[in-house]
Amino acid sequence: MTLFTKLSQRTWWIVGGVFVVLAALLPLLNISIPGVLPGATYTPGTLQLLALALLFASLALSYHLLFGTAGMLSFGHALYFALGAYGLGIVLQQTQLTLIPALGLTIAIVIAAAYLLGSLSLRVTGISFAMVTLAFAQAGNVLVRRNPAITGGEEGLRLDTEHIPDFFIGVINTRNLYWLALALLVVVFVIVAWFENSRAGHAVTATRENELRVRVLGLRPFGVKLMAFVIASVLASLVGMVHLLLQSGTTPRATSADFTLTILVIVVLGGVGSRWGAIVGGIIYTLLDQRLTALAGSDAIADLPAVLRIPLSEPLFILGTLFILVVLFLPGGIAGAARRLSTGTSTTPLARKQLEEAE
Amino acid sequence: MTEPSTPIVTESILTVSDLNASIDGQQVVESVSFEMLPVGVTALLGRNGVGKTSTLRAILGLIERSGEVSIAGERVDREPTHRIVQRGVGYVPEDREVFASLTVAENLRLAERDASPNRELIAELFPDLTDRAGQLAGTLSGGQQQMVSLARALVNDNRVLLVDEPTKGLAPLIVMDVARALERAAQTVPVLLVEQNLQVVRMLAKKAIVLEGGRVVYDGSAEELLGNEALTKELLGVA
Amino acid sequence: MSTIILLLITGLGLGALYFLVASGLSLIYGLMGVLNFAHGSFLTLGAFAGWELARRMGGESWGTLIASLLLGMIVGALVAAATEFLLIRRLYNRHIEQVLVTVGLALATVALFDGIWGTDPIYVTAPPWLSQTTEILGARVPNDRFLLIGAAVIVLLGIVAFLRYTRFGLVIRAGVENRSMVTALGIDVRKAFTVVFAIGGAAAGLGGVLASHYFGYVSPQLGGSLLIFAFIVTVIGGLGSLAGAAIASVAVAILQQFANYFLGGTGDLMVVLLLAVVLLVRPTGILGKKA
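Chains as they are written, first to last, in my numbering: chain G, 440 to 798; chain R, 413 to 651; chain S, -19 to 271.
So, in structure tokens, the structure goes:
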């Protein structure tokens, strides 16, 4: 028996809770990790970075729900993130609503869009589904770029702070945004976990394996898949909205295929099918991205011969290569590797439980 | 039926030992072991869905499987499908699986493996196909497609033929044509035949292996099995 | 009337470009079940190779143009074959992982191109005839469109001939229809995989050089922006169908041209709308295999 299997589910939730409390305390502490964090943990710069890391963790979790649990490879997940960010931004700019009603309105719009586009996309599966989601996201990209009057076009959309509570505005209040991001991560995690353990969640995982069998059991694969799709999309849009607040704006990059691919990379690196893997992946990616950009511009790299310098000065090249290596040689990602080290298997406890139930 | 002269063979042409196979995680063949006759037709029988087709596909490695498969004394279960086939296995799948978008001639040409394909034999056994050489296989009738599928397996000098329900869905006259072609083929190549049509089995098979629930429940003379009405009914469900 | 002619011919030209990219995608998917995200990078690399050659040889002559087209094709074919051999082959039958690997490759290669050539568009030089126009039924058609259409037709005929008259072509046609039966006939389909990748890469590389003349520049983003349209075309035409890709390329491109002209620049959106309609009515595409 190993560490993973000895501890019960409840123990893991307690461990998680402890991490959340520790994370919440960070802005009040003076911890410095040179080389990783730009400053001590109470400084706005570091808190901005950490908040971003938490947001990416949430985003990765939402994609984990879509791809890891429901098995739907979507190349258009970024669309809903952007819908949240641009949606909230435009609502705040164009209407007199305060934050909460604006959030509510945006969520409603996202639900409608996800329901409509999801229903259309789920007419096909597998690779075709992936391409269709890509096409819709691309349409979003085009819409954003071609309507600069509303969306700010290539320059991006700036956050209209008129109706937002003060404690979210200004550099001094970065830590409030950090706590908001942390709260969001907790909310997203709880929702994802709840769904995975629900009957619908089990159905959707079974659908991933064998759609025919699910239909024979009387469940409607389409229905549960659509549900997973809409939930994942709404979660992504929530991340987008907080991102808008954090960055005081948003840019068309949020709608690009590149962005979805980045999320995909994060989830695969962290380990498809693992909630913790998604979180760890999101955090590591954000920190790594920042470090790699700094490293890329550093003197150490500049001194290397061109053959090494050129690839190494592009963070995405390193990420892409790392990704290829992980897919080829480390299929379970970080979570899979960790699990293999401790238990000797690479299936998640949830998957194992479902396999056992199916026997 | 006169017996052709048989060469002395020291090892079996096809032996299966503790074969297990699964599709999508569902086990379809469980611990099946049998040996084919080195000459003539060995029938693989059983009710619908009992695992006969899966057994053939498992032998070829087309589905996930474990266990031992030996051809002419050599183990082949570690090899990929195309290597197993290259050793001299002719496969006539259930539902024929001709390439609809290719012509009859192209279907046959695709199957040719060695330098001297048996073109005259094919022309002799299937004169209809020669006439239809340029026709798209997808436009052929069921019986004609079955002939193409059979011809594909006969175009090379194979050491064993795996034939899966060749008379399925065919009119009685065509069934006889197919049976006769098989009989002719079996004179030179041993055949493992999966068949539901017991009349054909009676006509062709010397040995019978019956599967039930994915396992072997009878292994012996075909004549004895089919001669015993009660046994036939019990194992196969029909007379 | 002359506007219609112009839109039709420029649409055909753009369609030719889409076809050059989509043909490879469709074949690769049809035979191997792999969605090749790195296809855009084959195109971009072909474009850059062609540009580098033209830069050294003097860009205005026809000889240079032909040489750069050939080089683009060869580079595309080699890189594609290498991709299949080194990366895709190891993941045989694991379709999701194969897609992921191509995603990683796409990310890494675009970043690499950014590093080598910079992110800004680089303008290309071409024989002057290409930037001139020819009058057809009252419409002044830019000549580069004819080059595109000509190239696409040659490629289409070439691929069709290859599929019809060679052994590899036979294997590929059969494999697209029923891969496991091909294996059951004793044929190692994996060799055909490399060939299909190489063909797709060659078409993409050629398309890359042509795209650089169509748009007037090369940049690391060139392949990616075309790839999305190629994906849409492939879905509409039906995954695995070369004829479907051809028809859909023309249909999508012409729709785009007309929508851009008559409906105020909404070409891109109309294409997505067309995709949605096709999905609703015929999810496997115009000529696609039934699921």
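Yeah, the Cβ is synthetic: ideal placement off N, Cα and C, and Gly gets one too.
If the cut is a Cβ gap below 9 Å, which residues of chain S does residue i touch?
i: E509 (chain R); result: N158, S160, M161 and A164
i: T515 (chain R); result: Chain S residues near T515 (chain R): none, gap ~10 Å exceeds 9 Å.
i: R585 (chain G); result: G245, T246, D248 and L249
Within a Cβ cutoff of 7 Å, which residues of the same chain sit near residue i, ignoring the five residues on either side of it in sequence?
i: A597 (chain R); result: L566, L573 and V603
i: A552 (chain G); result: L522
i: Y(-2) (chain S); result: F209, A210, V213, S229, V232 and A233
i: V643 (chain G); result: T508, A509, V663, K664 and A667
i: A27 (chain S); result: G52, G188, V189, A191, S192, V198 and L202
i: H516 (chain G); result: Y502, L505, A675, T699 and I702
i: Q535 (chain G); result: H602
Going by alpha carbons, who is nearest to residue i out of the options?
i: I702 (chain G); options: G:Q686, G:A671 and G:L685; result: G:A671
i: G473 (chain R); options: R:T493, R:D507 and R:V575; result: R:T493
i: R36 (chain S); options: S:A178, S:A106, S:V121 and S:I116; result: S:A106
i: G52 (chain S); options: S:A131, S:G95 and S:A164; result: S:A131
i: R692 (chain G); options: G:G526, G:S513, G:L464 and G:R584; result: G:R584
i: G149 (chain S); options: R:V622, R:P584, R:L522 and R:E442; result: R:L522
i: T286 (chain S); options: S:G95, S:P122 and S:L49; result: What the structure shows of chain S is the stretch from -19 to 271, and residue 286 (chain S) is not part of that stretch, so it cannot be assessed.
i: D728 (chain G); options: G:N469, G:A479 and G:L489; result: G:L489
i: T24 (chain S); options: S:N158, S:D94, S:T264 and S:A223; result: S:D94
i: I435 (chain R); options: R:G463, R:S429 and R:G550; result: R:G463
i: S276 (chain S); options: S:A60, S:S205 and S:L143; result: Chain S is shown from -19 up to 271; residue 276 (chain S) falls before or after that span and cannot be answered.
Leaving out five residues before and five after residue i in sequence, what residues of the same chain have Cβ atoms less than 6 Å from its Cβ?
i: S199 (chain S); result: P101
i: G500 (chain R); result: N570 and R571
i: E796 (chain G); result: Confidence is the limiting factor: at E796 (chain G) the pLDDT is only 43, short of 50, which leaves the residue's position unreliable and the question unanswerable from this model.
i: L708 (chain G); result: G720, V765 and G772
i: A433 (chain R); result: V440, V441, S466, A470, I475 and R477
i: E593 (chain G); result: none
i: F538 (chain R); result: M559 and A563
i: A(-4) (chain S); result: L128, I129 and A132
Since residue i contacts residue j with CB under 8 Å, what's their CB separation in whole angstroms?
i: P466 (chain G); j: L486 (chain G); result: 6 Å
i: M680 (chain G); j: A576 (chain G); result: In fact, because the Cβ distance is near 18 Å, the residues do not count as touching under 8 Å.
i: L623 (chain G); j: S713 (chain G); result: About 20 Å separates the two Cβ atoms, so there is no contact after all.
i: L92 (chain S); j: F756 (chain G); result: 5 Å
i: G196 (chain S); j: Y103 (chain S); result: 6 Å
i: V505 (chain R); j: M161 (chain S); result: Reading the sequence as shown, one finds Pro at residue 505 (chain R) and not Val. Contact holds; Cβ gap of about 7 Å.
i: L605 (chain R); j: L456 (chain R); result: 7 Å
i: I8 (chain S); j: G118 (chain S); result: Rounded, the Cβ-Cβ distance is 41 Å, inconsistent with contact.
Listing by chain order, which chain G residues have their CB less than 7 Å from the CB of residue i?
i: V215 (chain S); result: S567, M570 and V571
i: A256 (chain S); result: L559
i: I76 (chain S); result: L512
i: R70 (chain S); result: L767
Can you pull the chain G residues whose beta carbon is under 8 Å from the beta carbon of residue i, in chain order?
i: E32 (chain S); result: Those do not exist, as E32 (chain S) stays about 15 Å from chain G at its closest Cβ, beyond 8 Å.
i: I96 (chain S); result: I749
i: F211 (chain S); result: M570, L573 and A574
Output, in chain order, the set of chain R residues within a Cβ distance shorter than 8 Å of residue i.
i: D124 (chain S); result: Within 8 Å Cβ-Cβ: nothing; D124 (chain S) doesn't reach chain R, min ~36 Å.
i: L150 (chain S); result: L514, E518, R521 and L522
By DSSP's criteria, residue i is part of a beta bridge. Which residues make up the other side?
i: A545 (chain R); result: Looking at the DSSP assignment, A545 (chain R) forms no beta bridge with any residue, so it has no partner.
i: L605 (chain R); result: R:A455 and R:V575
i: G507 (chain G); result: DSSP, once it has assigned bridges, lists no residue as partnering G507 (chain G).
i: Q599 (chain R); result: According to DSSP, Q599 (chain R) bridges with nothing at all.
i: A433 (chain R); result: R:V441 and R:R477
i: R262 (chain S); result: Paired residue(s): none; R262 (chain S) is not in a bridge.
i: E593 (chain G); result: Per DSSP, none; premise fails for E593 (chain G).
Given residue i, which residues of its chain have a CB within under 8 Å of its CB, disregarding the five upstream and five downstream residues?
i: I227 (chain S); result: G217, I266 and L267
i: M615 (chain R); result: A591 and E595
i: I548 (chain G); result: L522 and G526
i: G478 (chain G); result: S471, G484 and T485
The ligand GTP heavy atoms versus the CB of residue i: any closer than 7 Å?
i: I539 (chain G); result: This structure simply doesn't include the ligand GTP, nor any ligand for that matter.
For a contact defined as C-beta to C-beta under 8 Å, what are the partners of residue i on chain S?
i: E486 (chain R); result: Here the premise fails: no neighbours, minimum Cβ distance about 16 Å.
i: G679 (chain G); result: Going along chain S, no residue has its Cβ under 8 Å from G679 (chain G), so there is no contact; the nearest lies around 21 Å.
i: P656 (chain R); result: Past the boundaries of the shown model lies residue 656 (chain R); chain R is included only from 413 to 651, so the question cannot be answered.
In chain S, which residues lie with their C-beta within 7 Å of the C-beta of residue i?
i: I589 (chain G); result: Simply none; closest approach about 15 Å.
i: V804 (chain G); result: Since the first residue of chain G shown is 440 and the last is 798, residue 804 (chain G) is not available in this structure.
Give the residues of chain R in contact with residue i, contact being defined as C-beta atoms less than 7 Å apart.
i: A154 (chain S); result: F511, L514 and L522
Identify the contact partners of residue i in chain A, using a Cβ-Cβ distance below 8 Å as the criterion.
i: L665 (chain G); result: The question asks about chain A, but that chain is absent: this structure's protein chains are G, R and S.
Quick one: list the residues of chain G neighbouring residue i, beta-carbon separation under 9 Å, in chain order.
i: V59 (chain S); result: Ordered by position in chain G, no residue passes the 9 Å Cβ test against V59 (chain S), which lies about 15 Å from the chain.
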